[in-house]
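A.B. asks: Going left to right, the sequence shown walks through residues 3 to 157 as our numbering numbers them.
Beta carbons: idealized from backbone N, C-alpha and C, even for Gly.
Just so it is clear, the structure is predicted and the values come from calculations on it, not from any experiment.
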Amino acid sequence: MNCTCGSIGAPKELRRCPEHYSYWLGDRRLDSVSKVIRTLLPVDYSMVAPAVLEAARLRGTFVDTYLCEYLSGMPMLSFKETAEFIQQQFPFNGDREALTNDTVRRMEHVINWWQKSNLRAIAVQKTVFSETDGVAGTLDIVTEDQIIELKCTAK
3 MNCTCGSIGA PKELRRCPEH YSYWLGDRRL DSVSKVIRTL LPVDYSMVAP AVLEAARLRG
63 TFVDTYLCEY LSGMPMLSFK ETAEFIQQQF PFNGDREALT NDTVRRMEHV INWWQKSNLR
123 AIAVQKTVFS ETDGVAGTLD IVTEDQIIEL KCTAK
């Protein structure tokens, strides 16, 4: 990836470093909404095995990406094709097939939920910021009257 954090003299435009997930407005680093939440509501994951955390991170990323691409009208792989692609992305010796099946099941559920919801996305993965507060974040889905933040939890 290409780190954009050290872009000294950058124009006063909002950008996000793809490597470090940090937001910048020109040379000013903005706090992410996630950082603010972690500061106010800290969670201790030290008792969770790193492989379990990585599987959860990947599962959430895959489900979020699939729905956002669907909502953006992008050409979609079938669930079977998606399973073949993501199975090799789980980089550890856990049960890749079970992780893949669980992830695809969640993809199917979120697509079915969206289709039944009668909601209409007006923006997907929209980055917003407040220069005054020094905070930025990316909204998963914006509808006419809602902001939807997806979370893929274990239960």
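1) I'd like to know whether the C-beta atoms of V161 and K128 end up nearer to each other than 7 Å.
2) What number of angstroms, rounded off, separates the C-alpha of A125 from the C-alpha of K153?
3) What residues in its chain sit with their C-beta under 7 Å from that of C5, if we drop five residues either side in the sequence?
4) Buried or exposed for M109, please, with buried defined as at least 16 other CB atoms from any protein chain shown within 10 angstroms of its CB.
5) Taking the continuous beta strand (DSSP E) assigned at Q127, which residues delimit it?
6) Check the DSSP bridge columns for T140 and list the partner residues they point to.
7) Please name the residue in T102, T67, K82 whose C-alpha comes closest to that of M76.
8) Who are the near neighbours of R122 in its chain, counting only those whose CB is closer than 8 Å to its CB and skipping five residues on each side?
9) Do the CB positions of G28 and A12 come within less than 7 Å of each other?
10) So is I88 buried or exposed if we call it buried at 16+ other beta carbons inside 10 Å?
11) Looking at the strands, I want to know which residues DSSP matches up with Y25.
C.D. replies: In brief:
1) This structure does not reach residue 161, given that the chain is present from 3 up to 157, and the question cannot be answered.
2) Here the alpha carbons of K153 and A125 stand approximately 18 Å from one another.
3) Once the five neighbours on either side are set aside, the close Cβ partners of C5 are C19, E21, H22.
4) Within a 10 Å sphere around the beta-carbon of M109 sit 16 or more other beta-carbons, which makes this residue buried.
5) Counting along the chain, the beta strand (DSSP E) containing Q127 begins and ends at 125–132.
6) According to DSSP, T140 bridges with T129.
7) Taking the Cα of M76 as reference, the smallest distance to any Cα among T102, T67, K82 is reached at T67.
8) The answer, listed in chain order, is T145, E146.
9) Contact flag set, yes.
10) Flag for I88 reads buried.
11) Y25 pairs with R18, L32.
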